[in-house]
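All letters in the sequence shown, in the order written, are residues 24 to 397 by my numbering. Note that CB positions come from ideal geometry on N, CA and C, so glycine has one too.
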Amino acid sequence: MLKTGIISKRIPVSILACFLCCLSLSCSKNSDGVPAEDPVPPLPEAELYFPLAGSPSWDSVGLDELEWNTDAREPLYDLLAENKTKAFIILKDGKIAMEEYFGTYTKDSIWYWASAGKTLTAFTVGIAQEKGILKLEDKTSRYLGEGWTVGPREKEDLITIRNQLTMTTGLDDTSFDCISPDCLVYKADAGSRWAYHNGPYSLLQQVISEAINTPFTAFFNTYLRNKIGMSGTWISTNGSNSVYFSDARSMARFGLLNLSGGKWDGEPILADTDFLSAMTNTSQEYNKSYGYLWWLNGKESYMAPSVQLTFQGELIPAAPADTFCGLGKNDQKLYVVPSLSLVVVRMGEDTGDNELGPSGFDNQLWERIIALIK
Numbered sequence: 024m025l026k027t028g029i030i031s032k033r034i035p036v037s038i039l040a041c042f043l044c045c046l047s048l049s050c051s052k053n054s055d056g057v058p059a060e061d062p063v064p065p066l067p068e069a070e071l072y073f074p075l076a077g078s079p080s081w082d083s084v085g086l087d088e089l090e091w092n093t094d095a096r097e098p099l100y101d102l103l104a105e106n107k108t109k110a111f112i113i114l115k116d117g118k119i120a121m122e123e124y125f126g127t128y129t130k131d132s133i134w135y136w137a138s139a140g141k142t143l144t145a146f147t148v149g150i151a152q153e154k155g156i157l158k159l160e161d162k163t164s165r166y167l168g169e170g171w172t173v174g175p176r177e178k179e180d181l182i183t184i185r186n187q188l189t190m191t192t193g194l195d196d197t198s199f200d201c202i203s204p205d206c207l208v209y210k211a212d213a214g215s216r217w218a219y220h221n222g223p224y225s226l227l228q229q230v231i232s233e234a235i236n237t238p239f240t241a242f243f244n245t246y247l248r249n250k251i252g253m254s255g256t257w258i259s260t261n262g263s264n265s266v267y268f269s270d271a272r273s274m275a276r277f278g279l280l281n282l283s284g285g286k287w288d289g290e291p292i293l294a295d296t297d298f299l300s301a302m303t304n305t306s307q308e309y310n311k312s313y314g315y316l317w318w319l320n321g322k323e324s325y326m327a328p329s330v331q332l333t334f335q336g337e338l339i340p341a342a343p344a345d346t347f348c349g350l351g352k353n354d355q356k357l358y359v360v361p362s363l364s365l366v367v368v369r370m371g372e373d374t375g376d377n378e379l380g381p382s383g384f385d386n387q388l389w390e391r392i393i394a395l396i397k
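Put into structure tokens, the structure is as follows:
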């Protein structure tokens, strides 16, 4: 039986140190040929609060105590209500600063993450690599077998797990969700094109299953979900793409895990800082605003799902530059902002743009959030 009313612990957490920059005038490059990120100044140690895994208790902090602009709370609430929001949470230093539910939705209600759940898979791939189960440079065919696509064998063998993580498999994304070989058609060499494509992404879970001869969900539950006290489950909504369903607080827990650099209450869930850094930085040269299945703010340009166009400017101009996000269909949102020690969650219906990931609502929402926290 779960015990309630337990006061969760606080621990000092060291924020990830800045990356070493090159000493020469020319920029260094990572293994994908992407220019290295500018060095990030180290942040001071922050005290993060973690809710206990087996307790519904979660400490909160008042807007007055934070010295936030309380007059901006109502305009933010109105924006959320007007745009069919189900749940909204802001964590500050791990504590709940704002938590709102709309209509019949409650803190125990279940909703889907859509493609915001891709971030869960990316994190799980990192765990699998850390445990020596696979490597990002492994050919996907090593786990899925020859003929998992209908492309030429020599082209299929170019595709690696890293390509699946970065949306650079080179497969034709016209059959968006389909994972059968006849849908996975060669279009360009792996690593030479970025395209938002659910099929190769979904097969990452099968790669892990084949590597350990165990269902992906069992591995995920054991090494990620249960470790941080999340609820939820993976459900296939169309026979191809598995979607994560949970309450809003579970999404907030996962955001807090990433805010803390892969540790939960002092326990490393993913200790590979190189993977964590690569996951939340530009992963290839085409879409500067995409990491390992995470969307990135603060970059010079971005690409969007379904179109082969590059847009100049930041993904979410109103949000802090270091924001990284899980963004899903119908405006499912998970934002992590290390510089402000914030996690923000939004679950709900489509706000009107009918986009698969980033939408105009991101910027509208962040304009109201910034007004609140100033």
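Could you name the residues that DSSP lists as bridge partners for P291? DSSP, once it has assigned bridges, lists K286 as partnering P291.
Buried or exposed for K397, going by 16 or more other Cβ atoms inside 10 Å? By the neighbour-count rule (16 or more Cβ atoms within 10 Å), K397 is not buried but exposed.
Proximity winner among L181, K107, C348, relative to A139 (alpha-carbon distances): Nearest option by C-alpha distance: C348.
Cβ atoms of T172 and L143: under 8 Å apart, would you say? Inclusion of L143 and T172 in the CB contact set at 8 Å is not warranted, their separation being larger than that value.
Just to check my reading of the structure: G117 and F73 have Cβ atoms closer than 8 Å, yes? What is that Cβ distance to the nearest angstrom? Yes, G117 and F73 are in contact; Cβ-Cβ is about 6 Å, under 8 Å.
Specify the secondary structure class of F111 as computed by DSSP and reduced to three states. DSSP, read as helix, strand or coil, puts F111 in strand.
Please report the residue range of the alpha helix (DSSP H) in which M302 lies. If you look at M302, you'll find it in the alpha helix (DSSP H) that goes 296–302.
N221 burial status per 10 Å Cβ neighbour count (16 or more: buried): The residue in question, N221, is buried, as its Cβ has 16 or more Cβ neighbours within 10 Å.
Would you identify the three-state DSSP class for A234, choosing helix, strand or coil? A234: helix per DSSP, three-state reduction.
State yes or no: is the C-beta of D345 within less than 8 Å of the C-beta of S362? S362 is positioned such that its CB atom lies closer than 8 Å to that of D345.
Please identify the residue among W81, P381, S78, L103 whose C-alpha is closest to the C-alpha of I392. When only C-alpha atoms are compared, the closest one is L103.
Indicate whether the contact test is met: 3 or more Cβ pairs, each with one atom in the stretch 244–263 and one in the stretch 321–329, closer than 8 Å. No contact exists between the stretch 244–263 and the stretch 321–329.
Any heavy atom of the ligand SAH inside 7 Å of the beta-carbon of N249? Absence of the ligand SAH from the depicted structure is noted, as is the absence of any ligand whatsoever, leaving it without description.
Among F242, S273, G155, G351, which residue has its Cα nearest to the Cα of S78? Among F242, S273, G155, G351, the Cα nearest to that of S78 belongs to S273.
What are the complete beta strand (DSSP E) segments, minimum 3 residues, inside the stretch 96–184? Listed in chain order, the complete beta strand (DSSP E) runs (minimum 3 residues) inside the stretch 96–184 are 108–115, 118–124.
Alpha carbons only, please: which of K115, R276, T256 is nearest the one belonging to I133? Minimum Cα distance to I133 is reached at T256.
Who are L194's beta bridge partners in DSSP? Beta-bridge annotation (DSSP): L194 is paired with Y209.
In whole angstroms, what separates the C-alpha of R185 from that of S263? About 21 Å.
What residue from L279, P328, F334 has the CA that sits closest to L357's CA? Per the Cα distances, L279.
Using a Cβ distance threshold of 8 Å, determine whether the stretch 210–226 contacts the stretch 179–196, with at least three qualifying pairs required. Here the stretch 210–226 lies against the stretch 179–196, with 3 or more beta-carbon pairs under 8 Å apart.
Short of 6 Å in beta carbon distance, which residues of its chain neighbour I150, apart from the five on each side in sequence? Order them along the chain. The answer, listed in chain order, is Y246, L293.
On the DSSP bridge list, what partners appear for V367? V367 is bridged to I113, Y358.
Closest by C-alpha distance to L75, when choosing among M121, P238, Q228, W287: Checked all of M121, P238, Q228, W287; the closest Cα to L75 is W287.
Just how far apart, CA to CA, sit T260 and R248? Rounded to the nearest angstrom, the two C-alpha atoms are 20 Å apart.
Might you give, ordered along the chain, the residues of its own chain that have their beta carbon closer than 7 Å to the beta carbon of Y315, omitting 5 neighbours on each side? So the list reads A145, L188, T189, A301, M302, S306, once near-sequence residues are dropped.
DSSP on G405, reduced to helix/strand/coil? Past the boundaries of the shown model lies residue 405; the chain is included only from 24 to 397, so the question cannot be answered.
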